[in-house]
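Peer 1:
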Amino acid sequence: MLHDQPIAYLNGRFLPLAEACVPVLDRGFIFGDGVYEVIPVYAGKPFRLAHHLQRLANSLAAVRIDDPHQADEWTALIDELIRRNGGGDQSVYLQVTRGIAPRDHRFPEDSRPTVFLMSNPFRPVPEAELRDGVTAVTLNDIRWEHCHIKSISLLPNILLRQQAIEQGAAEAILLRHGQVTEGAASNVFIVSDGVIVTPPKGDCLLPGITRDLVVELAMEHALPCEERAIPEAELRRATEIWLTSSTKEILPVTRLDGIAVGDGQPGPLWQTMIGHYRRFVDALRQEA
Ligand code: PDD
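Okay, so the sequence shown: first residue is 815 according to this note's numbering, each after it adds one.
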């Protein structure tokens, strides 16, 4: 960081994060009426930016908020935010709400979207978690039917994550109608009979950028990989379980509901995949 405090962006202005304020009538505050992205930054470069911007455009279209920027404008804003926060590894948070209006459920006719970006330090997953894996618990997926939208209305996700933590776990793996959907803030992969499996995209889960890259890397390196439904029983007999997200990359789960996954250690396919992932990131780091 160049400054003693992080620099944010709000509606056309870069400013210290502590000075960034939105009026209480912002529909993000009143209704959770908005969408967001979390974009990892390695060596000053936003990772898979085109994918994140496409998902942002999809989320905005799905909730009928006019996209306030073209892709090249978003790119310039994000690059400038990264630069003002000193480059290196960061995690950019970007949020767009429907804007400020008197409280009324119906869409306001003339509000302008609120655009907010901030940068957080990229905190690598602690070595111990990579060495030993983490614990997960299964919980009932209590969320709505549009989980493909990256909505800021995260109350169910928060309650589920908190419940997992209070049960001594790092993440909740969610089940809906007897099938795995995703984690409270991550996508889920399993290894079943030597095959990497992840649920197909649809409205039950967020189309994770990390998830898509893991599927791509599996194909590129000829690792068996399927996108199909995972019944609860298959989750429970999986030899490996992984969680993926922009902030946690690929995290091995070694205990599920108190029972060891496979031999209770991060599995061989995770070792292979995290190697491919790191090399992919390192190649980006090397680019001029
Ligand atoms: N969350 N599913 C949910 C519900 C998520 O919240 C996330 C990420 C993912 C993984 O998506 P991606 O690989 O694009 O990060 C899946 C972010 C990191 C967050 O809310 O902080």
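Note that beta-carbon positions come from the ideal geometry of N, C-alpha and C, so glycine has one too.
All of these numbers come straight from a predicted model, not from anything done at the bench.
When the distance is taken between beta carbons, is Val-948 closer than 8 Å to Leu-1065?
Peer 2: Closer than 8 Å, so yes.
Peer 1: Within 8 Å (strictly less), CB to CB, does Glu-923 reach chain B?
Peer 2: The displayed structure is made up of one protein chain only, and chain B is not part of it.
Peer 1: In terms of residues, what are the limits of the beta strand (DSSP E) holding Ala-950?
Peer 2: It spans 948-954 - the beta strand (DSSP E) in which Ala-950 sits, taken as one unbroken run.
Peer 1: Under 8 Å: do the region 997-1012 and the region 1036-1043 share three or more Cβ pairs, one atom per stretch?
Peer 2: Touching, yes, given that three or more Cβ pairs across the two stretches are closer than 8 Å.
Peer 1: Can you name, in chain order, every residue of its own chain whose Cβ lies under 7 Å from the Cβ of Gly-901, other than the five neighbours on each side?
Peer 2: Cβ neighbours of Gly-901 beyond the five flanking positions: Gly-858.
Peer 1: Could you pull the start and end residues of the alpha helix (DSSP H) that Leu-969 belongs to?
Peer 2: From DSSP, the alpha helix (DSSP H) with Leu-969 extends over 969-980.
Peer 1: Would you check whether the ligand PDD has a heavy atom nearer than 7 Å to the C-beta of Ala-864?
Peer 2: Answer for Ala-864: no, Cβ out of range of the ligand PDD.
Peer 1: Nearest to Trp-1084 by alpha carbon, out of Leu-1098, Gln-1100, Trp-1056, Asp-893?
Peer 2: It is Trp-1056.
Peer 1: Using CA coordinates, which residue listed in Leu-829, Glu-1046, Asp-847 is at the minimum distance from Ser-925?
Peer 2: The option with the nearest alpha carbon to Ser-925 is Asp-847.
Peer 1: How many Å lie between Val-910 and Arg-897 at the Cα?
Peer 2: Approximately 21 Å, taken between the alpha carbons.
Peer 1: Compute the distance between the beta-carbons of Leu-831 and Pro-820, then report whether it is under 8 Å.
Peer 2: For Leu-831 and Pro-820, yes; Cβs fall inside 8 Å.
Peer 1: With 16 as the cutoff for other CB atoms within 10 Å, does Ile-1004 come out buried or exposed?
Peer 2: So Ile-1004 counts as buried.
Peer 1: Can the beta-carbon of Asn-971 be found less than 8 Å from the beta-carbon of Ala-999?
Peer 2: In this structure, Ala-999 lies closer than 8 Å to Asn-971 by Cβ.
Peer 1: Considering only heavy atoms of the ligand PDD, does any lie closer than 7 Å to the CB of Ser-1000?
Peer 2: Under cutoff, so the answer is yes.
Peer 1: Can we count Glu-996 as close to the ligand PDD, meaning its CB is less than 7 Å from some heavy atom?
Peer 2: Result yes, Cβ under 7 Å from the ligand PDD.
Peer 1: Do Thr-1068 and Gln-1079 have their C-beta atoms within less than 8 Å of each other?
Peer 2: It is a contact, given that the beta carbons lie within the stated cut-off.
Peer 1: Measuring only from the beta carbon, is Gly-842 closer than 7 Å to any heavy atom that is part of the ligand SAM?
Peer 2: In the structure on display, the ligand SAM does not appear, and the ligands it does have are the ligand PDD.
Peer 1: Would you report the Cα separation of Arg-937 and Ser-905, rounded to the nearest angstrom?
Peer 2: The alpha-carbon atoms of Arg-937 and Ser-905 are separated by roughly 8 Å.
Peer 1: Within the continuous alpha helix (DSSP H) that includes Arg-920, where are the two ends?
Peer 2: Taken as a continuous stretch (DSSP letters only), Arg-920 belongs to no alpha helix (DSSP H), as it is neither H nor E.
Peer 1: Is the beta carbon of Leu-891 closer than 8 Å to that of Ile-853?
Peer 2: No; because the gap between Cβ atoms is not below 8 Å, this pair is not in contact.
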